[in-house]
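In this note's numbering, the protein residues as written are 11 to 404.
We put the CB at the ideal spot given by N, CA and C, even for glycine.
Predicted model only: the values in this text are computed from it and were never measured.
The structure appears right after this line, and notes come after that.
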Ligand SMILES: Nc1nc2c(ncn2[C@@H]2O[C@H](COP(=O)(O)OP(=O)(O)OP(=O)(O)O)[C@@H](O)[C@H]2O)c(=O)[nH]1
Ligand SMILES: [Mg+2]
């Protein structure tokens, strides 16, 4: 009698448990399959107060992709860490070099190439070489690569500089800044010391690196058929590039053959900041922030890019406006490259004031996971969600 009742109770418990499991199972099945919201929309749902500005950074625990781990004796890629830098920036550069050596290069030993428009001092050479076991190369820019081209009219530079000042464009009248932007747009890959080098990682003094990178990023690019890697995507000051897009459209009208069928035109022309599109005459101004970039110089050496640069250079916008190498690289990549060859280095923790790329990962120290900037009002400058919406979405 007693054992019969116990058996009945046991049977009821089993039935109840089965029912609970079935209900829960059906509920989760419905949730995972029944949603009409796309994955991209879920990722970029509007930010709530206190939430990270970049939800994609919230769950990085491992570097993305198939990784090539450091192995003794493994052949390195044909690559260099590359820094255009002034002697006066030595202090800021030392901090950045220490970060990169600690997080990456002490494991891989890629050579450093420092480039300057004047000779490096002995102090600069000694103190930078002291930070790394890798080879350091010190190069000067040939005068003809740095000088303002002969066809640029100094009177027009003066007058147009006043307009840039009125528009509150930083470095508006600093000629060295304009030269730097031009050199980084169309000269770096032509420097004699880089002719036999394929890959570069651009390094700016005073930038910070926060996360341990345990795989060879250059090999990663090669193994995954990538051409260009970035960490931060932001809008530009449209007043600094008013005629860059119209000039670009003229160029591609003359050379439609250079535009890749799988281009990122939709990203370049998206209109989420209408004011930017109007002032930049059709360009969204969203760009890869080029103070960090890992790239294949063969892309820049291609006929498409090099003739695009020449066309822009003749138009004079590096001096009459303040065309930066970031929008120039970005537009060219967006038009001439298969967009699937562009890679977001989600796992590289980085700061160039005032913007961060900071993943939530045990590999990172010293930056706040998911933070984009310390200055709240600047959060709106982040446009990485647009790159994902228009480029990685399909
Ligand atoms: N050798 C040399 N390097 C320069 C010169 N002007 C800028 N650079 C370098 O070019 C890079 C970009 O210059 P920055 O002054 O940082 O320009 P930016 O990042 O737009 O401006 P910030 O927001 O002030 O950092 C840095 O690596 C500088 O060291 C120059 O006249 N000579
Ligand atoms: Mg800078």
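Three-way DSSP call (helix, strand, coil) for residue i in this model
i: residue 113; result: helix
i: residue 306; result: strand
i: residue 149; result: strand
i: residue 130; result: coil
i: residue 239; result: strand
i: residue 382; result: coil
i: residue 365; result: strand
i: residue 315; result: helix
i: residue 272; result: coil
i: residue 255; result: helix
i: residue 387; result: helix
i: residue 325; result: helix
i: residue 159; result: coil
i: residue 165; result: helix
i: residue 339; result: helix
i: residue 184; result: coil
i: residue 409; result: Because the chain is modelled from 11 through 404, residue 409 falls outside the range shown and cannot be assessed.
i: residue 265; result: coil
i: residue 173; result: helix
Whether residue i touches residue j by CB criterion (7 Å)
i: residue 360; j: residue 382; result: no
i: residue 197; j: residue 141; result: no
i: residue 2; j: residue 333; result: Residue 2 is absent from the structure shown; the chain starts at 11 and stops at 404.
i: residue 188; j: residue 319; result: no
i: residue 88; j: residue 207; result: yes
i: residue 388; j: residue 372; result: no
i: residue 391; j: residue 244; result: yes
i: residue 233; j: residue 118; result: no
i: residue 304; j: residue 239; result: yes
Which listed residue (the options) has its alpha carbon closest to that of residue i
i: residue 131; options: 147, 400, 209; result: 147
i: residue 195; options: 350, 310, 345; result: 310
i: residue 396; options: 242, 255, 326; result: 242
i: residue 237; options: 351, 149, 358; result: 351
i: residue 205; options: 268, 308, 374, 317; result: 308
i: residue 343; options: 270, 169, 97; result: 270
i: residue 155; options: 293, 384, 126; result: 126
i: residue 192; options: 386, 323, 232, 379; result: 323
i: residue 128; options: 167, 111, 186; result: 186
i: residue 341; options: 368, 109, 313, 279; result: 279
i: residue 272; options: 85, 143, 104, 400; result: 400
i: residue 247; options: 313, 265, 287; result: 287
i: residue 337; options: 257, 135, 232; result: 257
i: residue 123; options: 182, 210, 116, 152; result: 210
i: residue 86; options: 229, 239, 290; result: 229
i: residue 405; options: 276, 312, 314; result: In this structure the chain extends from 11 to 404, so residue 405 is not present and cannot be described.
i: residue 355; options: 266, 168, 231; result: 231
Bridge-paired residues (DSSP) for residue i
i: residue 297; result: 244
i: residue 91; result: 122, 211
i: residue 193; result: Paired residue(s): none; residue 193 is not in a bridge.
i: residue 352; result: 238
i: residue 96; result: Paired residues: none, contrary to the question.
i: residue 392; result: 244
i: residue 330; result: DSSP lists no partner for residue 330.
i: residue 218; result: 361
i: residue 374; result: 221
Residue-chain proximity (residue i, chain B), Cβ-Cβ < 7 Å
i: residue 133; result: Within the model displayed, chain B is absent; a lone protein chain is all it includes.
Residues whose Cβ lies closer than 6 Å to any heavy atom of ligand 2, in chain order:
Answer in sequence order: 214, 301, 362.
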